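Written out below as structure tokens is the structure these notes cover.
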Amino acid sequence: MSVSVLAKQLLDAVMFREIWNAMKVTFTHMFHRPITFQYPREERTIPDTHRGALALLRYDDGAERCVGCDLCEVACPSHCIKVVSTEDESLPLRRYASEFYIDITKCVFCGYCVEACPVNALAMTKMYEYSTHDKRTLLFDKKRLYEIGERFIEDAKKYLYAHNQEKNDQMFHDYRYFFPQSVLKPTQPLPPKHLT
Amino acid sequence: MALKPATNPDVEAATIELSLDGRIVTAKDGVSLYDVIASTGNIVPAMCYHYTFDPFGSCGVCLVMVEGKKAPVRSCTAKATAGMVVRTEGDDLFQARKKAVEKHLSVHPLDCPVCDADGHCELQDMAFQHQVTTLANAKQKLIPEDTRSLVLDFNMNRCIACGECINVCKDVLMIDALQFMKKDGFTQVVAKGDVALSCEFCGDCLAVCPVGAITNKYSKYLYKPWQLKKTTTTCNYCGDGCQMYIETKDNEVVRVTSPLSWKNKWGDRAETAKGHGGICVRGRFGFQYIDSKARLRQPLVRRDGNLVETPWLETIHTVVERLAAIKAQHGPEAIGGLITARCSNEELYLFQKFMRAAIGTNQLDSSARYGHLNFVHAVQHALGIGRMMNDWEDITKAKTILLVGTNITETNPLTAVRVKEAIRVYKSQVIVVDSAQTNIATLASHPMLVAPGTEGLFIQGLVKSVLEQDLVDEEATSKHPQAFTALKQAASRVPLDVIAAHTGVPVEQIHQAAAIFAEAPRAIILCGEGIVRRTGGYRHVLNLVDLAWITGKLGRPGCGVNTITEEPNEQGAADMGALPECFPGQARFDDAGAREKFEKAWGAALPAAGSGASLMEMLKRCRSGHIKALYVIGENPLATLPSSVGVRAALENLELLICQDPFLTETAQLAHIVLPACTYAEKDGTFTNLEGKVLRIRQTMDPIGESLPDWHIMTAIANGLGYELPYESAQDIQNEIMKLLPGYYNLGQPRKISPKPESYLANGYAAEVRNRYRSDLKRKPASGGTARRSFTLLMGQVLYHSGKLSTQASGLIKILPNTGRLHMNARDLEQMGLGEGARVRVTSPKGSLELGVQADLTVLPGSCFFPEHFNEPQVKDLMPVEVDADTGVPYFKLAEVTIEKL
């Protein structure tokens, strides 16, 4: 080792050069805009297409959209959905889901279930805060899913529009919203006599 | 359409040639063009076609081009003719078919997501196949759903008017419960007369519906077809042995479907002679007991008078200890066993091996004792064969069928469909001898209504009539002149007019029936519960053999004497030796060669030949205290036999009663130890059906609770007792049976058996026949008075139930609950001044009972009927019991009673 190198090392040690170097980085950041996101206090703006917690939706009149067709269950690649459907005794022909479970721990947030849903009863929201001490609460049941749907209805609607699942036009409204009754076409202006 | 030549065994149709897509194809003259195309393996789409009935031609999809015609023709309704040039493919045909599919789809609701048929829908498949994506003029029918029927919902919005349901009901099943009706501007399928559907509820309409227009109420909206696990198995309700699919989801039975379906619509019409693939109401709608809440889930052991849930290991220890103690103290003769014929062949085999080798007793019996053994012993004795001689195909193609004492539509619905096909397709003459106006009697060409209990006497009348009219087959009788003379002498003892007076059938009609039977080239005798379960059953079966012998029907192809069985494996119980008289393979228990063979195979000394006891004898020994322990598998003698037999006293007298059953039956409630057994849906094995076909049952789901298959429990007990059984599955037992009875597992193709009456007719026939021909009936006292009259009380099966098991199936109970009412003829009700539901007192020598009455069109005047499946009220206790001297079969289905208005 040469003398000059030794001298430089000695000088660095005496001058605390390493600390100066480090402090230089710190001090330059004092004049930057902060990058760290103050997460619990601040919230990020999330795009409409974001795939967050799943929600079940209702029609505007409060009726459940879900017809219990099990298609989401089939579409789900991680088998996290379970639907138990029955007939509504008071409304013959009306199929509905008496039980509906989504195991959100298994969910891979692919959004296939939303695509599969023929009545747009399922949607994804921007909600992602459901960490818990008890893993069992992550099996979302029907009640919880409707609660999410009610709280995040705006997110859910935006998700459906963003993914081209729903358009805000009359045809979609007629067809989707009164399933399984069908579209009343001009060829058939009024329901038949026996139904009125 | 005329009768297809392919289905007529007597007429050989001419062969024609036609050109299909440039290939020359040969076909039978008169066959539909669609069938010819399908027979080449080329599938033209069609929605209203099914091979089991004549083409209907409503869907308009099966279009083909025929040279010389401008427009495409429907191939199903077009007859194939010689020299036809046909094209089945091409873009024009594709477009024409697409148009037809669009036409159906434009009035079909697009509610696939909520439809039960979604994923199993022919219209969906067709729309996909023909790439229908847009519909120009869609409109909807908006018809409310018809939910009036008990088991089926009719959603006529989805109906495509293919008519398959109506055709299968009318043509194949001859029930004719459905029709088209123009209602609210649309053609709809409704029950005949537009009322709530009330039929046999076989559900074949549901099976053939290609869309979701007919849906099953019991499984509506519970599933999507792709979620279900489908297992092929054999039905365990009656002896027909129908193949069916149990469809389960997460260890729950969702529905039962049949091989008959719109999915397999292509087939040879002649093949339906072996069965059309449908199932009956019990099979299709009676599955709820499998995963019922009432199932036993844990072994129960009696402690301080109560049955307490106990772990398996402890229970088996208790069973083994107590059985070993009783055996050590009183010898193996203090132990007896009963098994139900709803167990598989393997279990029946293992049971008799367990009793004979592990315990060392021959006191064992099965529920075949209640009647089927009469037939088995009779034909074994006379002809050296132990089962019925004909199969379903023979029945279908018979020229004459003689049904004696059987309400076959209700007891064995699918064998009845064979008789119906014989009537409908093969135009056979059917003689029905029964004491009720049954469904098959209304369809038959020669219904003979006899007085209750005189079916056996009518057979004597037929034999006598054959002799008197000289319809005797010389070839058959001349070989055994001595026997023939003895028969003639014996038959001469009862004059024909006495028979006519007793049975209530005029002499001319008896002569006519005898002539029809004797002159037919293929004549089949089918006897049922009216023969084998009523007094003199054994003798009457032998009389039927006489009838077949003197008319030359024995050994002739397509002819024979047959019976029907009530439980799925009664034939198997006889074949597997679950009876004291026989070893497996129906070898006599006292036969030295057989004893040596089985002693060697089982490595154990067998009980002495004369020590065995059948059901009634065993109950007697229980009462006298000779039998200390009884092992009952699936049997319920307490609920089956009348109380006058003293079953309760017998069972209460026991030191140890072990009951092994899926349910806590009446007998099990008395037991000291109750072992939970699986039903047929939770285990593997085989059943032998009435034709002798060995049919597989397969495990469809995990056992409910901690229940175990019967063979598993028996193996555990035997191993505990020190008799090593190395079985790990039902297959191991099967392998052992295969070694001992080579050829028994016939893969559903039983060997044809030929009767050998020679030694029977040559030895001892004369002495025996003398006692068989007699009229042991007293004239019924004239039933005078209106307030109090004498009646004949019959107990029997009804269509919607089978044994006591079906009463655990909520679906069948919904169709037919226990009304607790006595079925009587409307005229009798009127004469006695009784209304529907009025109370009467029924008195028999065995006791008296108060119960309501209801009118029943099938019951004859002077008789009354109560279904044997229900014990509330205890009508069975009114029945006197008689035990057959030859076979030990208890008869308790008929009683003379007086009915008094209250």
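Protein sequence lines, in the order shown, are assigned to chains A and B. The opening position of the first sequence corresponds to residue 1450 in our numbering, with each subsequent residue numbered one higher. The opening position of the second sequence corresponds to residue 1363 in our numbering, with each subsequent residue numbered one higher. Where a beta carbon is used, it is the ideal one built from N, C-alpha and C, also for glycine. Only a predicted model underlies this, so the values are computations on that prediction, with no experimental measurement involved.
When Cβ-Cβ separations below 8 Å define contact, residue 1550 of chain B makes no contact with chain A. Secondary structure at residue 2221 of chain B: strand, using DSSP grouped into helix, strand and coil.
The DSSP assignment places complete alpha helix (DSSP H) segments of no fewer than 4 residues inside the stretch 2088-2127 of chain B at 2092-2102, 2120-2124, in order along the chain.
A contact between stretches requires three or more CB pairs, one per stretch, nearer than 8 Å, and the stretch 1603-1620 of chain B fails this requirement with the stretch 1463-1472 of chain B.
Excluding sequence positions up to five before and after residue 2232 of chain B, its CB lies within less than 6 Å of the CB of 2180, all in the same chain and listed in chain order. In this chain, residue 1993 of chain B is not harboured by any alpha helix (DSSP H); it is covered by the beta strand (DSSP E) spanning 1991-1995.
When secondary structure is reduced to three states using DSSP, residue 1561 of chain B falls in the coil class, being assigned neither helix nor strand. By the Cβ-count criterion, residue 1450 of chain A is exposed, with fewer than 16 other Cβ atoms from all chains shown falling within 10 Å of its own Cβ. When rounded, the separation of the alpha-carbon atoms in residue 1517 of chain A and residue 2068 of chain B is 33 Å.
Residue 1914 of chain B and residue 2127 of chain B have their C-alpha atoms some 17 Å from each other.
Taking 8 Å as the upper bound for CB-CB distance, residue 1941 of chain B and residue 1730 of chain B are in contact here, some 7 Å apart.
Residue 2002 of chain B carries a helical assignment under DSSP once its states are collapsed to helix, strand and coil. Of the residues B:2189, B:1623, B:2045, B:1949, the one whose Cα lies closest to the Cα of residue 1747 of chain B is B:1949.
For residue 1535 of chain A, the closest Cβ of chain B is nearer than 8 Å. One Cα belongs to residue 1705 of chain B, the other to residue 2105 of chain B, and the distance between them is close to 21 Å.
Note that the C-beta distance between residue 1502 of chain A and residue 1468 of chain A is not below 8 Å.
Residue-level contact check: residue 1518 of chain A touches chain B, since one or more beta carbons of chain B fall below 8 Å from its beta carbon. The stretch 1869-1952 of chain B is shown to contain whole beta strand (DSSP E) runs of 3 or more residues at 1885-1889, 1922-1925, in chain order. Near chain B, meaning a CB-to-CB distance below 7 Å, the residues of the stretch 1550-1573 of chain A are 1567. Its chain contains 1725, 1980, 1989, 1992 as the residues whose beta carbon lies nearer than 6 Å to that of residue 1698 of chain B, once the 5 sequence neighbours on both sides are disregarded; these appear in chain order. Taking a Cβ-Cβ cut-off of 7 Å, the neighbours of residue 1544 of chain A in chain B comprise 1476, 1583, given in sequence order. For residue 1526 of chain A, there are no neighbours in chain B by C-beta distance under 8 Å, as the nearest C-beta there is about 15 Å away.
Residues of the stretch 1496-1511 of chain B with a C-beta atom less than 9 Å from some C-beta of chain A are 1499, 1500, 1501, 1502, 1503, 1504, 1505, 1506, 1507, 1509, listed in chain order. Looking at the backbone, the Cα of residue 2000 of chain B and that of residue 1866 of chain B are separated by about 36 Å. Taking a contact to require three or more Cβ pairs closer than 8 Å, the stretch 1890-1905 of chain B and the stretch 1766-1782 of chain B qualify as touching. For residue 1851 of chain B, there is no enclosing beta strand (DSSP E); the residue is part of the alpha helix (DSSP H) that begins and ends at 1843-1853. For residue 1541 of chain A, a Cβ of chain B is located within less than 8 Å of the residue's own Cβ. Counting other Cβ atoms within 10 Å of its Cβ, residue 1709 of chain B reaches 16 or more and is therefore classed as buried.
Between residue 1798 of chain B and residue 1790 of chain B, the C-beta gap is not smaller than 8 Å, which leaves the two residues out of contact. Secondary structure note for residue 1707 of chain B: its alpha helix (DSSP H) is the uninterrupted segment 1707-1715.
Put simply, the CB of residue 1589 of chain B is near chain A, with a gap under 8 Å to one of its CB atoms.
Across the stretch 2111-2123 of chain B, no CB contact with chain A closer than 7 Å is found for any residue. The stretch 1640-1655 of chain B makes contact with the stretch 1555-1567 of chain B: 3 or more CB pairs, one atom from each, lie closer than 8 Å. Relative to residue 2157 of chain B, the option among B:1833, B:2185, B:1842, B:2167 whose CA is nearest is B:2185.
If you draw a straight line from the Cα of residue 1434 of chain B to the Cα of residue 1410 of chain B, it comes to about 17 Å. With a contact defined as Cβ atoms closer than 8 Å, residue 1423 of chain B and residue 1488 of chain B qualify at about 7 Å.
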